[in-house]
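Chains as they are written, first to last, in the numbering used here: chain A, 1 to 304; chain B, 305 to 562.
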């Protein structure tokens, strides 16, 4: 075999690297799958796992990438989004990574994907039971900023002592008159564990409840995996007299006129001009192709 | 006072490796009673308080506590969950340094409300009303409810710590030098406040102090410790006015008359 390898050596000075399917070796993937199975068995519980160094810096989705690598099969269709967009650096880099190391098909259409890795959003198109949503998580511990000791937060989770979480919401109301937490809004999963849904806007929180798709969360630096199995009750914490509310947008999307979706603000000039457009680029493009036009949009046939 | 003791310690001992923390301490506390533990620095007072409040695990002996249902339970047999529930509902713990007992980055209202939220209160308006009520009880102005304790003076912090502990109406409160580090006039007001709350709420208190004046003002009975052992117990007046042990006599005679 070594003779063969030598004879097929390319002339270039670059070594010819053959990656194992989806980059990670099989033993590592087994280890991660075991953690995922445990996480699914105990919804919302943070399962420690031996996160590996990945060929990208921490904070760029090393946890999500490892979870994706462990669940990805050769027939899967992968979609990667970053803040809802398919064409931002993080999304393009991770999509390229798996095209190269796993040679899987990729897509930007939510409905066509079987595995969706996401940073900070849940797609607007409803997910189905054949899909897996993989979240990139920077800080998995919802109690972290209230209780810095890991030993203590584990105790609090074990004994379901979540009074502290409400102290944070109390402080919000005391300071701002309403619950001012707008992202990484804490949720209670299956009536037991309180979980950080990663920094998705609280607008997306209701989508996690009773979702038919499997939701997996990977935190690479913190070495934790947690999960929400399909059709699980996910409840956003609140007070009886200050119930949970999602953000409301005054205007529809400026490009596709969609309402009831999460919008990004785009600054147009230095004279205060701005527009609000869908953060989910696939959803917005699909709607524009269907002929929906917002106030600043151009009809699809004219643009082409 | 009820005839059944609330807390019973039997043959309590704690060693830190080869060093002695305290040894063979037995005592009883009755509902509504204030028990002072006095002694010089290093006499094992704080170790004893730690053992009684289950913060430390004893090397010998045991502590039993009468739960609200009247059952006398050995604290070491309670599960961690039961012990913690006890800590945040039936007990209070006032620390010498308020910064250790308060959440310094959380507003006064949040500090008082934390225990309520921990036992399941989920109505913001009610939590806030209760917090305001307790701030008034410890003489903190209502308009300070949204300030965090970093903006409070030492005396106010200590009063806030008291409110935070008493909000769930505990039956037993542990106090570790609650007036330490405060100037004399603030001390006097704080002692007055504690005395009022204790009698109003019928609290049982175990107070550790090296200050005999504090013990005289607050406590019904006292325990004198030296080198990890209890050397004298009795009614406060009796121990202070007619000390039996030479060490207690020394302690009493060391107090400076103003």
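Backbone N, C-alpha and C define an ideal beta-carbon position, used for all residues, glycine too.
- Message: Please report the distance separating the alpha-carbon of residue 20/A from that of residue 190/A.
- Response: 37 Å
- What are the residues that DSSP puts in a beta bridge with residue 478/B? 397/B, 510/B
- residue 573/B by DSSP, collapsed to three states: which one? Because residue 573/B is not part of the residues shown, which for chain B are 305 to 562, the question remains open.
- Message: I need the DSSP call for residue 458/B, collapsed to helix, strand or coil.
- Response: helix
- With distances taken between CB atoms, is the gap from residue 239/A to residue 426/B smaller than 8 Å? yes
- Min CB distance residue 163/A to chain B below 8 Å: yes
- Label residue 282/A either buried or exposed according to how many other C-beta atoms from any shown protein chain fall within 10 Å of its C-beta, with 16 as the threshold for buried. buried
- Message: Does the CB of residue 554/B have a neighbour CB from chain A at under 8 Å?
- Response: no
- Query: Using a Cβ cut-off of 7 Å, which residues of the segment 422 to 452 of chain B contact any Cβ in chain A, in chain order?
  - Reply: 422, 426, 427, 428, 429, 431, 450
- Item | Buried or exposed by the 16-neighbour rule on C-beta atoms within 10 Å, applied to residue 415/B | buried
- Message: Our contact map puts residue 141/A next to residue 151/A with C-beta atoms below 8 Å; I'd like the distance itself, whole angstroms only.
- Response: That belief does not hold up - the Cβ atoms of residue 141/A and residue 151/A are roughly 12 Å apart, past 8 Å.
- Task: Counting only the same chain and skipping the five closest in sequence on each side, list residues whose C-beta sits under 8 Å from that of residue 2/A.
- Result: The pLDDT assigned to residue 2/A is 46, lower than 50, so where the model puts this residue is not dependable; a value taken from the coordinates is nonetheless given after this. The answer is none, since no qualifying residue turns up.
- My understanding is that residue 116/A touches residue 131/A, with C-beta atoms under 8 Å, so please give their C-beta distance in whole angstroms. 6 Å
- Hey, residue 393/B and residue 472/B: beta-carbon distance below 8 Å or not? yes
- State buried or exposed for residue 4/A, treating a residue as buried only when at least 16 other CB atoms are found within 10 Å of its CB. Legend: pLDDT at residue 4/A = 49, less than 50; position of this residue unreliable, value from coordinates given subsequently. Exposed.
- Message: Looking at the strands, I want to know which residues DSSP matches up with residue 264/A.
- Response: 277/A
- Got a sec: which bits of the segment 385 to 411 of chain B sit with their beta carbon under 7 Å from any beta carbon on chain A, in order along the chain? 385, 388, 410, 411
- Task: Mind reading off the beta-carbon distance from residue 129/A to residue 213/A? Whole number of angstroms is fine, and I expect it under 8 Å.
- Result: 7 Å
- Query: Helix, strand or coil for residue 269/A per DSSP?
  - Reply: coil
- Message: Between which residues of its own chain and residue 337/B is the CB-CB distance below 7 Å, once the five residues before and five after are set aside?
- Response: 305, 508, 524, 525
- Task: Identify every run of the beta strand (DSSP E) within the segment 518 to 550 of chain B, keeping only runs that are complete inside it and at least 3 residues long; order them along the chain.
- Result: 525 to 530, 533 to 539
- Where does the unbroken beta strand (DSSP E) through residue 496/B begin, and where does it stop? Looking at the DSSP string, residue 496/B is not in any beta strand (DSSP E); the run it does join, the alpha helix (DSSP H), is 488 to 505.
- Item | Burial state of residue 320/B, where buried means 16 or more other Cβ atoms lie within 10 Å | exposed
- Message: If the cut-off is 9 Å on Cβ atoms, which residues from the segment 163 to 178 of chain A count as contacting chain B, listed in chain order?
- Response: 163, 164, 165, 166, 167, 168, 169, 170, 171, 173, 174, 175
- Item | chain B contacts made by the segment 238 to 250 of chain A, where a contact means CB separation under 7 Å | 239, 240, 241, 242
- Identity of the residue in 15/A, 134/A, 186/A nearest residue 215/A by Cα: 134/A
- List the residues of chain A whose Cβ lies closer than 8 Å to the Cβ of residue 417/B, in chain order. 167, 170
- Message: So residue 413/B contacts chain A; which residues on that side make the cut at Cβ distance below 8 Å?
- Response: 170, 174
- Message: For a test of the three-state rule: what should DSSP assign to residue 556/B, helix, strand or coil?
- Response: helix
- Message: Distance cutoff 8 Å, beta carbons only. Does residue 143/A sit that close to anything in chain B?
- Response: no
- CB contact flag (residue 435/B, residue 458/B, <8 Å): no
- Give, in chain order, every unbroken run of the beta strand (DSSP E) that is at least 3 residues long and sits entirely within the segment 128 to 216 of chain A. 132 to 136, 187 to 189, 193 to 195
- Task: Please check if any C-beta of chain E sits within less than 8 Å of the C-beta of residue 159/A.
- Result: Among the chains of the structure shown, chain E does not appear; the protein chains present are A and B.
- Message: To the nearest angstrom, how far is the alpha carbon of residue 400/B from that of residue 408/B?
- Response: 15 Å
- Reference residue 305/A; option with closest CA among 181/A, 218/A, 255/A, 220/A: This structure leaves residue 305/A out entirely; chain A is present only between 1 and 304.
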